[in-house]
Structure formats: C-alpha cells, structure tokens
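> Under the UniProt record's numbering, the first residue of the sequence shown carries the number 1, and numbering increases by one thereafter.
Below you will find the structure I want to go over with you.
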Amino acid sequence: MKATKEMVSRVPHSVGTAVVTRHDGRLAVGRLGALCEQLKELNSQGYEVVLVTSGAVGLGRQRLRYRKLVNSSLADLQNPQVELDGKGCAAVGQNSLMALYDTLFSQLDVTSSQHLVKDSDFRNDSFREQLSETVKSLLALKVIPVFNENDAVSTRRTPYEDSSGIFWDNDSLAGLLAMEVKADLLVLLSDVEGLYSGPPSDPNSKLIHTYIKEKHQAEITFGDKSRLGRGGMTAKVDAAVCAASSGIPVVITSGYATDNIIKLLQGKPVGTLFHKDAHLWTSVNEVDAREMAVAARECSRRLQAMSSEDRRKLLLDVADALEANESLIMAENEADVAAAKADGYEKALISRLALKPGKIAGLAKSIRVLADMEEPISRIAKRTELADGLILEKTSCPLGVLLIVFESRLDALGQIASLAIRTGNGLLLKGGKEARRSNAILHKIITSAIPDSVGDKLIGLVASREDIPDLLKLDDVIDLVIPRGSNSLVSQIKNSTKIPVLGHADGVCHVYIDKSANPDMAKKIVRDAKIDYPAACNTMETLLVHQDLSNNDFLKELLAELRREGVTLYGGPRASSLLNLPRAQSLHREYSSLACTVEFVDDVGAAIDHIHQHGSSHTDCIVTEDHEVAEMFLHRVDSAAVFHNASTRFCDGARFGLGAEVGVSTSRVHARGPVGVEGLLTTRWILRGSGQVVDGDQGVTYSHKDLPLQTQI
Numbered sequence: 001m002k003a004t005k006e007m008v009s010r011v012p013h014s015v016g017t018a019v020v021t022r023h024d025g026r027l028a029v030g031r032l033g034a035l036c037e038q039l040k041e042l043n044s045q046g047y048e049v050v051l052v053t054s055g056a057v058g059l060g061r062q063r064l065r066y067r068k069l070v071n072s073s074l075a076d077l078q079n080p081q082v083e084l085d086g087k088g089c090a091a092v093g094q095n096s097l098m099a100l101y102d103t104l105f106s107q108l109d110v111t112s113s114q115h116l117v118k119d120s121d122f123r124n125d126s127f128r129e130q131l132s133e134t135v136k137s138l139l140a141l142k143v144i145p146v147f148n149e150n151d152a153v154s155t156r157r158t159p160y161e162d163s164s165g166i167f168w169d170n171d172s173l174a175g176l177l178a179m180e181v182k183a184d185l186l187v188l189l190s191d192v193e194g195l196y197s198g199p200p201s202d203p204n205s206k207l208i209h210t211y212i213k214e215k216h217q218a219e220i221t222f223g224d225k226s227r228l229g230r231g232g233m234t235a236k237v238d239a240a241v242c243a244a245s246s247g248i249p250v251v252i253t254s255g256y257a258t259d260n261i262i263k264l265l266q267g268k269p270v271g272t273l274f275h276k277d278a279h280l281w282t283s284v285n286e287v288d289a290r291e292m293a294v295a296a297r298e299c300s301r302r303l304q305a306m307s308s309e310d311r312r313k314l315l316l317d318v319a320d321a322l323e324a325n326e327s328l329i330m331a332e333n334e335a336d337v338a339a340a341k342a343d344g345y346e347k348a349l350i351s352r353l354a355l356k357p358g359k360i361a362g363l364a365k366s367i368r369v370l371a372d373m374e375e376p377i378s379r380i381a382k383r384t385e386l387a388d389g390l391i392l393e394k395t396s397c398p399l400g401v402l403l404i405v406f407e408s409r410l411d412a413l414g415q416i417a418s419l420a421i422r423t424g425n426g427l428l429l430k431g432g433k434e435a436r437r438s439n440a441i442l443h444k445i446i447t448s449a450i451p452d453s454v455g456d457k458l459i460g461l462v463a464s465r466e467d468i469p470d471l472l473k474l475d476d477v478i479d480l481v482i483p484r485g486s487n488s489l490v491s492q493i494k495n496s497t498k499i500p501v502l503g504h505a506d507g508v509c510h511v512y513i514d515k516s517a518n519p520d521m522a523k524k525i526v527r528d529a530k531i532d533y534p535a536a537c538n539t540m541e542t543l544l545v546h547q548d549l550s551n552n553d554f555l556k557e558l559l560a561e562l563r564r565e566g567v568t569l570y571g572g573p574r575a576s577s578l579l580n581l582p583r584a585q586s587l588h589r590e591y592s593s594l595a596c597t598v599e600f601v602d603d604v605g606a607a608i609d610h611i612h613q614h615g616s617s618h619t620d621c622i623v624t625e626d627h628e629v630a631e632m633f634l635h636r637v638d639s640a641a642v643f644h645n646a647s648t649r650f651c652d653g654a655r656f657g658l659g660a661e662v663g664v665s666t667s668r669v670h671a672r673g674p675v676g677v678e679g680l681l682t683t684r685w686i687l688r689g690s691g692q693v694v695d696g697d698q699g700v701t702y703s704h705k706d707l708p709l710q711t712q713i
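Structure (structure tokens):
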C-alpha cells in the first residue's frame, strides 16, 4: 500500500509504553520530541492526526517508587517492598505525561487536547457519538487530540490482567477510535521495526512486511510482553487484525526511528502492514527467502551430480527454448517498455530495458558457446604427491548459491542463468520492477528446460523488493551477491550484508588521446566508445586530451562529430574555459547517456593521475602511437581493464570469449573485470590416501612432488 496524501488524510497513532519511557521508567524525552516533530509535520501538511499514548502507569510507578524511597526509613527499606497499585500509578503518571506532550507541542506551535476515556464510556451510544463529533471538530481546527485510557478509575480489576471489555489497552483503544472516526490509516508504534516471525532477538526471526492472517497466525512465536506496558506485540497484533478486518489499514513500526512516520506516508516500505485484502496480494503458500535459498542449494548439488554432457545438453535446451519463444519474450518486453514510458522513467533506463532486434538470437548464441566450452567443474589445477601413496589435488568447484540483483538489463537474466547452470551454482534473481513481465517470462522459459532430476528451484526469481533485506541476512546459505545497477543500489547492498559482494558501483570509463595518436584512429575509437551503446557501463564517460592538441583541427572535428551524433559535451576546469563548454558538475560522473566530460591533461602521467583520482577502476583506454607511452599507461593504470588503441566497449564477457558474464567487477578480490565461468568457481582440496596417519609426522616421509595434471569429470 502506498500511503500518499491523496489516499490518506485521517491518521491515528498509538505509541507504546516502551517508546514513551526508557528502561528505568523515566520519560524518553528525545523519542517523544522526535514523535511530536513528525506529527507536527503531518499536521502542517493537512493530515488529521490523533494520538493515543501509553506510559502513564509506568511513569507513575517510577515517580511513586522514588517518592516512597525518599520518605522511607532504614527499617522500612529492610522490609519486603509491596508492589504499587496500578491505578494510583496511572493517576500520578497521567499528569506528568500530558504536561510533557503539552510542552512539546506548544514549542512546535501545535495545539493539543487531552482525552481520558475508560472502557465503560464506550457502552454509551450517546458518548460515542459525542466523542466522534468532538474529535472531528478539533481536527478541523488542526488540533491534535491526545487519548489515554483512564486507568486510575478503570472498572477492571487491574490494568495488567483484565482483558475484558470493549477495549483492553491503548492499542485496542487506538483501533476502536480509528473505527469511530473513520480513519484512513492506523499507525501502531513499538520498540521494534514491526512484527517478526519470532522474538526479534532471535537471529532466525525475520520481519514480516505484510501480515496475512491465513499464513502467519499459526507461524508467529511471540516473545515477552512489554517490559512496562500491558501486552506488547501480542496486543498490537490483536488490535491491528481487528481494525484491518473493519477496513482500516494498519502499520506496526518502530517509534525509536526519528522519521518512520514520515517515510510511511511517503509510500516507503516501513514496518508491517495489516490490510483486509492482504491475502489477495500474496500467495499464502509463498516460499520465504530462506526456503528459496536452501532449495537453490539442494538443486545445485543435483546439477553438479549430472554428467558433463547432460549439463551441456541442458544449456542447449535453454538456448533452443529462448529462440522458440522469442515472439512471446518480445511482447512482454514491449509491455514493460510502454509501462516504463508511461511512468516517466529516464531514457537511459528505458534504453537498457528494451530488447533490441537480434538480442534473443545473440543470447542463445552465447549460451551455445558456453555449452561448448571445456567442462569447468572438477578441473584439476594442481596435483601433488605429499608422500608415497598420498596424492593431493586442487580442483575447481561451484561457489554455491548466488544472489544477483539487477536493474532493467534483460540480457543479464539469460546470461547469468546460463552461467549458473554451466558452473553448477544455485541462483536467486531479483530484477527491477520496471522489467517485471520480461523477467517473469524469461525465468519461466529457462526453468521449464531444467529437468525434474535437478528441479526448477535451481533458479529462483525473487518477486518482491521486500524480500531483499531478508536474503541479504542469509550468509549461511547464500555465498555471493552480485549487484548490477546504479551506484546507490551497489552501495546499499554492500552496506547491508555480511555476504561477499562482487561488482562495481560506477562505470566512469576514460579514453585518453595522447599527442602522438593517429587522428583517424582516435576519432573512430572515441565515437564507438561513446555512441555504440551509451547506457552500458563500459561506455566512455570522460575524454582526456593531451594539452598539445587543444588548438588542433583534429580535436575540433572530433567534438563536432560527437555533437552531430547528439552528444552533449561538458568541460573540466581547463576544457570548459578553452573550448567554451558548460562546466561539468563533477569529474567523477557516469552519464549513461549521450553526454560526456572533456578535459585537458599535461601528459600521460597526468592522465593516469586523473583516472586514479576521478575514475572507477572499470575500463580505461589510451590512443597513442608511442609504444613507451602506451606501456606506461597499460602498466600503471589500476583498473580492471586497460586498453591500447581499442574501444572501451570491448570490455565484455562475450567479446572476451567468456561466453557470457554476470557483470564487471572492479573489486580486487576473487574476480576482476568481466566475470564469466571462472569468476563463479572456487577451489577445494581432494586427498587420496591408503591408510596414512599423521602421528606427530613420525611415520610420514614428505616428498611434495608435483605430478602431471589429469582431468577428473
């Protein structure tokens, strides 16, 4: 549910005792201040805000305990302490709680009103009607009504034990008020992010983003009740289910965060949503993140057990299936492109999203190349005789389970899936929502070619973005994450997981034209590097030019040709002045479109320094006829791919003869550059003996002799 202002205007909030108070029972003034600031912001935006607060009993207990301690003699303190009466605590705490709310709201130039109600009041129809009218009139005046159950005069035996009546705590009171005033959304604030599948302290518990009664009611294990309040999460869930069943959406989220309420009403996924139609949005039998990852691992082990020829045939079947269903794939892709245009997506993204003519045929061809490659699994890299009759082998093996998160790159799904099959890895895929139809049909076609002996769960398609945080926690079952997308996507994933991440955040590629460059060659390379596919990560984003060429006719002609092709030129500090170009906002800029930065440098050393300072370690190229200068550039530029007299567009798995790629890595660990088959493999050691034991190394004579390699399939 996207909670925009057009959909939501009247929003009651219930704040739990654990949010209002600290662990010692004192008021959490900082949290309450942040809460009041958020409510003030909503109030100023035209939302009608009602606040139901807890905390009076806990606060009163803390104050009365202090007062009792001050007035006690030493003898009194040595006697067993009698628990304070909850009703008395409520009477004392209510005064302090409301005084604080009044002060905080007054400082924010917001008027609040106090309403103490008890269960028996709501048995009177006249009271309910009058209450509703009063609240509506206050909301019309932009007043924030603050409600609390009047525990001091409650007719229940004790506010902690008696759950009878129309409402039984402040969460159920909030639900009741939401129904009375016909609220558009109810927000229940807790001390945790939302509803978890088990106690939040349990590392195996996961946040439930959308509560489905039919699925979750029997699965959830609740922890302890609130440390100071009445019911904790159990009470919140009961209140949420009751309100949601009456048609009022409810979100349980953390009151500790300083901006969760604002994020929620901006439509961002926050907390746990309860909605009467939730069961229609998600399959009750939907496989969760862990089950999906575990299933992929089990299927990958069955895939590894297949013969090399059977794995080869599987890839050929995938290629045939893609070509046979090309028209269906194109139709779904056209629907995605049309929807993206209607939603106002950027041209660069739409360009990456659209499948060009011949793309499916090219994908099928690359898969067949993979199928015909040498068997990568169990390839022996080293054989050593450790001692007589004791042979050690270092062999290649799959990494395990890969999680690939990618944005609007349709060929990525087919390439990655085929690489996973070739290397015996399990695979989880999460594509961008803009490519939902295309990804779904590609996944369906590819998995339909996988035999039952392996299982189609070898390749899982993650349907919801909400599953990604859960997947990123599964470092025990997912072995590698490869993000393919924007800088923000890659950075967010790197900061959110303990699983190794392989990839690059930016593709700021350079072409440096040296003073000895062949002009015609330089023009050809620059045009191709920028124009061939501007949205690719290996396209040229910065053109560096030797200063001696600043007044050369060749440079003027090159820039004129780029402009004729629709390229927008920006200048660095020197080029913007000398060439009268608009100043580039940053020298580290990935345009992913028909635009680039131009800058002058003194020599090849300055070009190398510029690339190291402003580049992204992806792909960089020099155009020169000076062999010594070229070698200096090739050996000193610290990038994943460094070229001499060749377009940066060659940095691609298929063009490198890898068959396909899962992406380009700029990391310096495991794999670098286009990552193909070898980048998805690791090694293990196999030792073959005949009864040898270590026994303090007394009975073994080590030879450590290298042996000829022999392939084990």
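In this text, a Cβ means the ideal position worked out from N, Cα and C, and glycines have one as well.
Does the ligand ATP have a heavy atom nearer than 6 Å to the CB of residue 538?
Of the ligands one can find in the structure shown there are none, so the ligand ATP has no counterpart to examine.
> Between residue 111 and the rest of its own chain, which residues show a CB-CB distance below 8 Å, the 5 nearest in sequence each way excluded?
105, 141, 142, 143, 144
> Taking residue 724 as the reference, which of 587, 576, 377 has the closest Cα?
What the structure shows of the chain is the stretch from 1 to 713, and residue 724 is not part of that stretch, so it cannot be assessed.
> Please classify residue 60: is it buried, with 16 or more other beta-carbons within 10 angstroms of its beta-carbon, or exposed?
buried
> How close, in whole Å, do the beta carbons of residue 323 and residue 364 come, if the pair is a contact with beta carbons under 8 Å?
5 Å
> Pick out whichever of 598, 581, 402, 556 has its Cα sitting closest to the Cα of residue 542.
The shortest Cα separation from residue 542 among 598, 581, 402, 556 belongs to 598.
> Sort 47, 43, 44, 55 by Cα distance to residue 32 and report the nearest one.
With distances taken between CA atoms, residue 32 lies nearest to 55 out of 47, 43, 44, 55.
> In the DSSP assignment, find the unbroken alpha helix (DSSP H) run with residue 299 in it and report its ends.
289-305
> From residue 96 to residue 297, what distance separates their C-alpha atoms?
57 Å
> Kindly indicate which three-state DSSP category residue 664 falls into: helix, strand or coil?
strand
> Determine the extent of the alpha helix (DSSP H) in which residue 339 is found, giving its start and end residues.
Segment 326-342, the alpha helix (DSSP H) holding residue 339.
> Of all the beta strand (DSSP E) runs that stay within the bounds of the segment 613-637, which reach a length of 3 or more residues?
619-623
> Using CA coordinates, which residue listed in 57, 418, 339, 385 is at the minimum distance from residue 685?
385
> Let me check understanding here. Comparing Cα to Cα, which of 101, 667, 658, 674 lies closest to residue 367?
658
> Could you tell me whether the Cβ atoms of residue 681 and residue 376 are closer together than 7 Å?
yes
> Between 41, 18, 631, which lies nearest to residue 57 when the distance is taken from Cα to Cα?
18
> Considering Cα atoms alone, identify which of 646, 651, 620, 652 is closest to residue 637.
620
> Using the Cα positions of residue 115 and residue 243, report the straight-line distance between them to the nearest angstrom.
In a straight line, the C-alpha of residue 115 is about 21 Å away from that of residue 243.
> Check each candidate in 14, 422, 389, 514 and name the one with the smallest Cα separation from residue 632.
Nearest C-alpha to residue 632: 514.
> By the three-class DSSP mapping on this structure, what secondary structure does residue 148 have?
Three-state result, residue 148: strand.
> If I follow the unbroken beta strand (DSSP E) through residue 510, where does it start and stop?
Membership of residue 510 in the beta strand (DSSP E) is indicated by the continuous run 509-513.
> Give the secondary structure of residue 700 by DSSP, where H, G and I count as helix, E and B as strand, and everything else as coil.
The three-state reading of DSSP puts residue 700 in coil, since its state is none of H, G, I, E or B.
> If you reduce the DSSP assignment to three classes, tell me which class residue 94 lands in.
helix
> For residue 658, which three-state DSSP category applies?
coil
> Determine, using beta-carbon pairs with one atom in the segment 382-397 and one in the segment 699-710, whether at least three such pairs fall under 8 Å.
They touch, by the three-pair rule.
> From the DSSP secondary-structure annotation, give me the bridge partner or partners of residue 642.
Partner(s): 620.
> Out of curiosity, what's the CA-to-CA distance linking residue 231 and residue 237?
Low confidence applies here, because residue 231 scores a pLDDT of 49, under 50, leaving its location unreliable and the question unanswered by this model.
> Using DSSP's beta-bridge definition, name the partner residues of residue 255.
Under DSSP, no beta-bridge partner is assigned to residue 255.
> Figure out for me which residue from 254, 173, 258, 291 has the closest Cα to the Cα of residue 235.
173
> With 16 other CB atoms within 10 Å as the buried threshold, where does residue 617 fall?
buried
> My assumption, with CB atoms under 8 Å, is that residue 336 sits in contact with residue 434. Please give the rounded CB distance.
6 Å
> Measuring CB atoms only, is the segment 667-677 touching the segment 638-653, in the sense that at least three cross pairs come out at less than 8 Å?
yes
> Can you tell me which residues form a DSSP beta bridge with residue 686?
393
> Among the candidates 294, 200, 275, whose CA atom is the shortest distance from the CA of residue 254?
200
> Applying the criterion that 16 or more other CB atoms from any shown protein chain within 10 Å of the CB defines a buried residue, is residue 62 buried or exposed?
buried
> What are the partner residues of residue 600, as DSSP defines its beta bridges?
545
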